[in-house]
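Residue numbers (my numbering): 17 to 486.
So, in structure tokens, the structure goes:
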């Protein structure tokens, strides 16, 4: 019957919510409006030489983008046509502003503090109970999320609401320092105090982001307290460290402003994206960077035979994550659209799609794979070493905390990877232990932070006089 229908009748029938022959059946096409970070999802068109072939026979060499493949997969799986209207944003604040001025999205991927802000302001719809049912094999997120990430999410609340009911993770990482080991010692790079190092005057860049810059300054301010042996060895070390690095009282903000003003006088610039290229070209020798961009920077430098390293300072690191949240304004009461949104999150959480996205963007997925070994095999293939071929000394690198203690997640690798790409993508246990999630600050804290940042970025007259008369 279907083959006898003309193409134009088929299109008309679908648009009217009918079957190809005009009888009542398949519903109208559902449109899912998705907003994500720029260049933050695989766009397909892989070359054959870039293909991955795994031990279970899985081959990854996509022609289409993740979005296109999702549309086709959803139809094949559920018999319903969907169209994804995919758009991008550059910062969390840009996304928030777009939403508040009237742009409507169904599914977006902000960072942890913006997720908390949106949750506090009643903008989010919780995931359905069915989404978390691990008995369903199609629930790739619930079945595949790293036990470490699941534990972090479970501990996050805002105004008494649990974040993990409203957010499904996408990518995660740390905040640290990319550095040139020919110009900067590992000891120098072991502390955020590097940003104040006069020996590196005008040879460092810092993130042009109030939260990232503040985190470094606060870590310097509290250095003696949070690195003291008694503090580190206390039973509630994680909670105490979290409390220190989330302080926004006037005394802490004032002290951080003074440190940031000194940092501004010492560094080459505050930047949002130029730091990667500046490291590769040698314009600067150290750069405050997110771990995913650190991997990209090190990869690019390798092409020019330049070896760069990544360090997570001893004081602490900001454990950040980006996650998928559903907006109430977009979904409304449409349960069908919510089901499509949840299916999209599950689709990008499939191990093969996790590998596609990590390969394309260089960041680390929150998905370890559950019973599937594809993600672990991908990490071993990417960073593991063949002891019969490698001449340099090999070391064991344990990432069991991420993949689960039930898996053999100890990677035999070269010693340099303990401070380079593998270390950036999957930090060691000691880094995880000293990591802190920066939460959404309250109104008063945000006001103090914004005034501080304005003073540092716009009214640091001492810095201008120094530049003018140096």
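In this text, a Cβ means the ideal position worked out from N, Cα and C, and glycines have one as well.
The alpha-carbon of residue 425 is positioned some 42 Å away from that of residue 273.
Sorting 56, 311, 321 and 332 by C-alpha distance to the C-alpha of residue 255 places 332 at the top.
Rounded to whole angstroms, residue 236 and residue 104 show a C-alpha spacing of 34 Å. Residues of the same chain with a CB within less than 6 Å of the CB of residue 218, apart from the 5 flanking positions on each side, are 284 in chain order.
Around the CB of residue 350, fewer than 16 other CB atoms lie within 10 Å, so the residue is classed as exposed.
Residue pairing from DSSP places residue 325 in a beta bridge opposite 195. In the DSSP annotation of this structure, the continuous segment of the beta strand (DSSP E) that includes residue 285 starts and ends at 285-287. Collapsing the DSSP output to three states places residue 69 in a strand.
Going by beta carbons, residue 314 and residue 437 fall inside the 7 Å limit. Going by beta carbons, residue 200 and residue 302 fall inside the 7 Å limit. The stretch 209-261 is shown to contain whole alpha helix (DSSP H) runs of 4 or more residues at 226-237, 239-243, 245-248 and 253-261, in chain order. Comparing alpha-carbon positions, the option among 74, 62, 472 and 356 lying closest to residue 93 turns out to be 356. Around the Cβ of residue 348, a 10 Å sphere holds fewer than 16 other Cβ atoms; the residue is exposed. With a contact defined as Cβ atoms closer than 8 Å, residue 190 and residue 335 qualify at about 6 Å.
By the CB criterion at 7 Å, residue 108 and residue 130 fall inside the cutoff. Runs of alpha helix (DSSP H) with 4 or more residues, each lying fully within the stretch 262-304, are found at 266-282 and 290-297, listed in chain order. Close CB contacts of residue 257 within its chain, under the 7 Å cut and outside five residues either way in sequence, are with 242, 332, 450 and 452 (chain order). Inclusion of residue 155 and residue 386 in the CB contact set at 7 Å is not warranted, their separation being larger than that value. Our two residues, residue 363 and residue 306, have alpha carbons roughly 26 Å apart in a direct line.
Relative to residue 114, the option among 68, 76, 50 and 58 whose CA is nearest is 50. In this structure residue 341 is not in contact with residue 153, their Cβ atoms being roughly 24 Å apart against a cut-off of 8 Å. According to DSSP, residue 101 shares a beta bridge with 49. Note on geometry: alpha-carbon atoms of residue 394 and residue 440 lie some 16 Å from one another. Going by DSSP, residue 427 is part of the beta strand (DSSP E) stretching over 426-430. Listed in chain order, the non-local C-beta contacts of residue 60 below 6 Å within the same chain comprise 78, 79, 80 and 81, local neighbours out to five positions each way being set aside. When the beta-carbon positions are compared, residue 383 and residue 161 come within less than 7 Å of each other. Comparing alpha carbon positions, the residue from 132, 198, 197 and 165 closest to residue 174 is 132. Residue environment: residue 308 is assigned as buried (16 or more neighbouring CB atoms within 10 Å of its CB, all protein chains considered). In the DSSP assignment, residue 167 falls within the unbroken alpha helix (DSSP H) covering 163-170. Annotation for residue 339: the continuous beta strand (DSSP E) segment containing it runs 336-343. For residue 57, the secondary structure class from DSSP, reduced to helix, strand or coil, is coil.
In the structure shown, the three-state DSSP call for residue 346 is helix. The alpha-carbon separation between residue 322 and residue 176 amounts to approximately 48 Å. Between residue 187 and residue 57, the alpha-carbon positions lie close to 11 Å from each other.
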